[in-house]
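Comments concern the structure below.
Numbering (UniProt numbering), first residue to last: 1 to 62.
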């Protein structure tokens with residue numbers, strides 16, 4: 001594992017999302033500038049989970 005990979009794994013965020021909040025994009029509006037990447041809209045699987053392909057942030061429908 002490289003230092004970059006280790007850094008990314010330590011800084012993964014977990015986000016609970018309500019259906020009223022959809023659609024959800026990553027990074028969220030309140031993200032800090034150092035954490036920015038191209039905007040991606042989350043597509044939730046049948047279990048209600050989604051993962052950002054850029055930063056690995058995890059989203060769960062509640």
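C-beta atoms are modelled at their ideal positions from N, C-alpha and C, and glycine is treated no differently. Note that the coordinates shown come from a computational prediction; the quantities given were computed from them, not determined experimentally.
### Task
Could you check if residue 50 is buried or exposed, using at least 16 other CB atoms within 10 Å of its CB as the buried criterion?
Indexing the chain shown from 1 puts residue 50 at position 50. Residue 50 is buried by the Cβ-count criterion.
### Message
I need the boundaries of the beta strand (DSSP E) containing residue 14, first residue and last residue.
### Response
For the purposes of this step, residue 14 is taken as the residue at position 14 of the chain shown. Counting along the chain, the beta strand (DSSP E) containing residue 14 begins and ends at 14-17.
#### Entry: residue 25 burial status per 10 Å Cβ neighbour count (16 or more: buried)
Here residue 25 is taken as the residue at index 25 of the chain shown, counted from 1. Burial call: exposed.
#### Entry: Other residues of its chain near residue 54: CB distance less than 6 angstroms, five sequence neighbours each side excluded
As a first step, residue 54 is located in the chain shown; it is residue number 54 there, counting from the start. Closer than 6 angstroms at the Cβ level, and outside the excluded window around residue 54, lie 37.
### Bridge-paired residues (DSSP) for residue 60
Numbered from its first residue, the chain shown carries residue 60 at position 60. Answer is 16 and 49.
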